[in-house]
Each structure stands twice: as structure tokens, then as C-alpha cells.
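**Q**
Residue numbers (UniProt numbering): 1 to 389.
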């Protein structure tokens with residue numbers, strides 16, 4: 001069987017998007033404001049054993065960066081390692097749209113709803129939601145939308161969920177609480193909404209969309225028992241929509257490695273989102289570039305977001321978002337030979353070898369850090385990010 005036939009069989013046993021054309025490398029040292037030079041893909045046919053080892057200094061720096069993310073912190077984005085040549089700077093009203101949505105409960109766990117004034121959904125009900133405007137950060141946009149549509153002042157408690165359809169459309173769902181104001185009545189109806197009301201989730205109510213039922217359930221679950229750390233956007237500017245990846249490999253004996261990139265110093269790789277794919281596809285691009293031979297034998301699972309960075313103060317310059325994301329590289333237990341026949345799966349004791357000299361695996365050795373990271377990979381107590389593709 002030829003390679004094309006083999007790939008078709010592999011695609012049938014696993015959901016994985018068709019990989020894009022090979023991507024030219026982007027240099028991390030290049031500033032977002034500079035033009036990318038033309039670069040050649042390095043020879044990945046062989047990586048020397050020396051290139052596969054991390055120095056003690058590199059390990060220490062990587063573990064410090066990892067500890068920072070586990071605390072819900074972040075760091076300034078100084079460049080992008082992968083996909084920058086396919087990504088344009090995020091600019092509100094031009095190539096990105098951010099939606100904020102509020103889930104707010106009262107003391108009896110009724111949820112705040114607003115009645116729409118728009119002609120295409122007139123008198124239907126929805127959660128308070130709307131677009132982030134130029135110059136706003138996410139929390140400012142949320143406060144404004146709730147005030148305009150429901151009459152209340154509110155304070156965000158945490159992000160509950162991030163939904164995305166590629167970098168061009170991202171929705172940020174918040175759990176929030178009322179801090180002031182009064183419930184909007186029909187007497188105050190305007191173009192933003194007709195009125196607001198508390199809904200017990202049992203009474204009949206004409207909904208604009210049933211998608212909010214899942215968001216309400218998610219908010220109620222967190223309201224009763226917080227299952228991930230409080231997560232709000234860190235006030236750090238970013239020009240593109242991208243991910244800083246904690247890409248881990250966990251062996252059957254609970255040894256754990258993280259993938260680093262050297263450009264030139266070893267660090268967690270950053271990858272830009274591309275318009276034709278989900279935001280989380282950036283992890284696939286990194287794996288394709290680092291270890292192409294292992295790509296179809298492994299699943300790439302996005303486990304959640306440690307933290308995110310955004311401020312939006314400078315239009316077209318800080319409209320981007322950096323998601324600090326945990327991703328697991330997991331061996332596919334259904335292995336096939338070159339003829340497409342199933343073969344016995346043998347658990348690997350080490351991660352698949354890198355084939356690109358820019359990358360290196362680093363085993364996490366610090367006991368407390370290893371324990372925390374393993375826990376995150378097993379119970380996924382992180383802010384979820386879901387693709388709507």
C-alpha cells in the first residue's frame with residue numbers, strides 16, 4: 001500500500017484535521033513589528049545526541065517558567081516561534097472579534113437574562129453578551145455590556161470557558177456577580193435590550209439560542225464547587241493571537257517531559273493561530289515541525305489554559321491574546337504497519353525523538369513541580385478552551 005493509502009486509513013481511526021502544507025519556520029528573535037526574513041527549513045534528517053540534551057541552566061530556566069504558569073502567571077511575549085509568517089497582527093473590527101458573555105446568579109441560583117431588541121431576535125432571551133470594543137480589555141467590556149443590557153454593575157469572578165472558531169472569533173464566558181445598579185425594566189428599553197430578568201431555568205422562556213444552556217450549567221457547576229483556579233486575563237499586551245505551549249509527554253511510569261525550543265535559548269514554544277484552523281491547532285503545527293515522523297502516531301490533546309494575556313489598549317498593536325496552554329502528546333494505542341494492518345501497541349518509556357535541531361525534550365525532575373504538573377494532566381483542573389469548528 002502506498003503512503004497515500006496509509007494516511008487515509010490512519011485518518012479513519014482518528015479525528016485529526018488534514019495537516020496543512022509544510023510551514024516555513026518563523027524566528028522567535030524577530031519582533032512583531034519587524035518584517036520576517038526569508039528563512040530556510042533546517043536539515044532535520046539527523047539530530048545529534050548532544051542536541052537532544054538540555055543543560056542544567058536550561059532545565060532550571062524551563063522549570064522556573066513552568067512554575068510561573070502553574071501559579072496562573074505569565075510573561076511578556078517577545079516573539080513567536082511557529083506560524084508567525086501565516087498570522088497577521090490582531091486588529092479589532094478588522095480581522096478579530098472577541099465576545100464577552102456573563103453568567104450571573106442571584107441568591108436562589110436564578111440566572112440573569114436579557115431580552116433582545118435586535119430585529120433578527122426580537123423579544124428572545126439570552127445571557128448578557130456583546131463585542132469587545134476598541135481600547136477595552138475583556139473585563140471592561142464585560143462590565144459595560146452587563147450595565148447596558150441588564151442595568152447592573154458587575155464584577156468578574158473568573159473565566160468559565162473560552163470558545164473559538166479560529167483567531168477571528170473568540171468568546172470569553174465569565175462568571176460574575178452583581179455589585180450595584182438596578183434590574184433593567186421595559187421602561188428603560190433601548191437598542192441594547194428591552195429588559196432584564198432573573199430566570200429559574202425551569203419556566204418556559206423563548207431563547208435566542210440553546211447554546212447558553214451549557215454555559216449556564218458550566219457557571220452553576222463552578223458556583224457550587226470551583227473546579228479550576230480563578231482565571232482572569234493578565235494585563236500584558238500581545239500583538240497576535242497565539243499560544244505559549246506547555247507540551248508534555250507522560251510515560252507509563254509517570255515520568256514527564258516538556259518540549260522546549262532553542263532560538264537560541266531554550267524556552268516554551270510559542271505558536272501563532274492561523275485563520276484556516278482552530279486556535280488550538282497551533283500545537284499540531286509545533287509537533288509537525290518538531291517530530292514529523294511521530295505526528296500520525298500520537299494524539300495532541302489540549303487540556304486547558306493556565307492563564308491568558310491581553311490588554312487591548314493600543315488598537316492593532318495589543319489586540320492579540322496569548323493563551324498559556326497545557327497540551328499532552330499521547331500515543332495512539334491503535335498502531336498500524338505500512339500496509340495499514342493493526343500491530344500490537346507497546347508503551348513507550350520515553351517521548352518520540354525530535355527530528356528538528358530547534359527542539360529538545362526536557363524531563364521535569366523537580367519533585368514538587370513534577371507532582372503538580374502530573375496532577376494537571378490527570379484531572380485537567382484548568383480553564384477549558386473549546387473549538388466550535
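Beta carbons: idealized from backbone N, C-alpha and C, even for Gly. If you're wondering where the values come from, they're calculated on a predicted model, not measured in any experiment.
In this structure, how does DSSP classify residue 368 when only helix, strand and coil are distinguished?
**A** Collapsing the DSSP output to three states places residue 368 in a helix.
**Q** Based on the DSSP secondary-structure assignment, which residues constitute the bridge partners of residue 302?
**A** In the DSSP assignment, the residues bridged to residue 302 are 327.
**Q** Decide if residue 128 is buried, meaning its Cβ has at least 16 other Cβ atoms within 10 Å, or exposed.
**A** Counting of Cβ neighbours within 10 angstroms places residue 128 among the buried residues, the total reaching 16 or more.
**Q** Where does residue 130 sit, in a helix, a strand or coil, going by DSSP?
**A** strand
**Q** Looking at residue 322: is its Cβ nearer than 8 Å to the Cβ of residue 260?
**A** no
**Q** Any idea what DSSP makes of residue 180, helix, strand or coil?
**A** strand
**Q** When you compare only the Cα positions, how much space is there between residue 108 and residue 374?
**A** 37 Å
**Q** Could you work out which residue in 294, 310, 318 is closest to residue 332 when comparing CA atoms only?
**A** 294
**Q** By DSSP, does residue 257 sit in helix, in strand, or in coil?
**A** strand
**Q** Distance check for residue 265 and residue 352, CA to CA, integer angstroms please.
**A** 22 Å
**Q** Which word fits residue 119, buried or exposed, when buried means at least 16 other C-beta atoms lie within 10 angstroms of its C-beta?
**A** It is exposed - the Cβ of residue 119 has fewer than 16 other Cβ atoms within 10 Å.
**Q** How close, in whole Å, do the beta carbons of residue 154 and residue 102 come, if the pair is a contact with beta carbons under 8 Å?
**A** Contact annotation, residue 154 with residue 102: C-beta distance approximately 6 Å; criterion of less than 8 Å satisfied.
**Q** Under 8 Å by Cβ, that's how I've got residue 72 and residue 226 pegged, so tell me the actual separation to the nearest angstrom.
**A** Not a contact, Cβ separation roughly 13 Å.
**Q** Keeping to the same chain, check which residues put their C-beta closer than 7 Å to that of residue 95; ignore five residues upstream and five downstream.
**A** 88, 168
**Q** Tell me whether residue 377 is buried or exposed, calling it buried when 16 or more other Cβ atoms sit within 10 Å of its Cβ.
**A** buried
**Q** Consult DSSP for residue 389 and reduce its assignment to one of helix, strand or coil.
**A** coil
**Q** Is it buried or exposed for residue 181, if we count other Cβ within 10 angstroms and need 16 for buried?
**A** Exposed, since its Cβ has fewer than 16 Cβ neighbours within 10 Å.
**Q** For residue 238, collect the residues of the same chain with a Cβ closer than 7 Å to its Cβ; drop the 5 residues on either side in sequence, then sort them by chain order.
**A** Result list for residue 238: 77, 309, 310, 318, 320, 321, 322, in chain order.
**Q** Between which residues of its own chain and residue 249 is the CB-CB distance below 6 Å, once the five residues before and five after are set aside?
**A** 257, 329, 351
**Q** With which residues is residue 196 paired in a DSSP beta bridge?
**A** 114
**Q** Can you list, in chain order, the residues of its chain with a C-beta nearer than 7 Å to that of residue 389? Leave out the 5 residues immediately preceding and following it.
**A** 165, 278
**Q** Spell out a yes or no on whether the stretch 183 to 202 and the stretch 112 to 126 are touching, meaning 3 or more CB-CB pairs, one atom from each, closer than 8 Å.
**A** Taking a cut-off of 8 Å for Cβ pairs, the stretch 183 to 202 and the stretch 112 to 126 touch, as three or more such pairs fall below it.
**Q** Is it the case that the stretch 53 to 67 contacts the stretch 214 to 232, given that we only count it when at least three CB pairs across the two stretches are under 8 Å?
**A** no
**Q** Specify the secondary structure class of residue 202 as computed by DSSP and reduced to three states.
**A** In the structure shown, residue 202 sits in coil (DSSP, three-state: anything other than H, G, I, E or B).
**Q** Between 324, 149, 348, 97, which has its C-alpha nearest residue 252's C-alpha?
**A** 348
**Q** If you count every other CB in all the chains shown that lies within 10 Å of the CB of residue 186, and 16 or more means buried, which is it?
**A** exposed
**Q** Does DSSP put residue 168 in a helix, a strand or coil?
**A** coil
**Q** For the beta strand (DSSP E) containing residue 363, name the first residue and the last one.
**A** Its beta strand (DSSP E) spans residues 359 to 363.
**Q** Starting from the Cα of residue 174, find the closest Cα among 183, 220, 372, 209 and give me that residue.
**A** 220
**Q** Could you tell me the alpha carbon to alpha carbon distance between residue 313 and residue 244, rounded to whole angstroms?
**A** Each residue's Cα considered, the two are about 21 Å apart.
**Q** Quick check on the DSSP output: the beta strand (DSSP E) that includes residue 98 runs from which residue to which?
**A** 97 to 104
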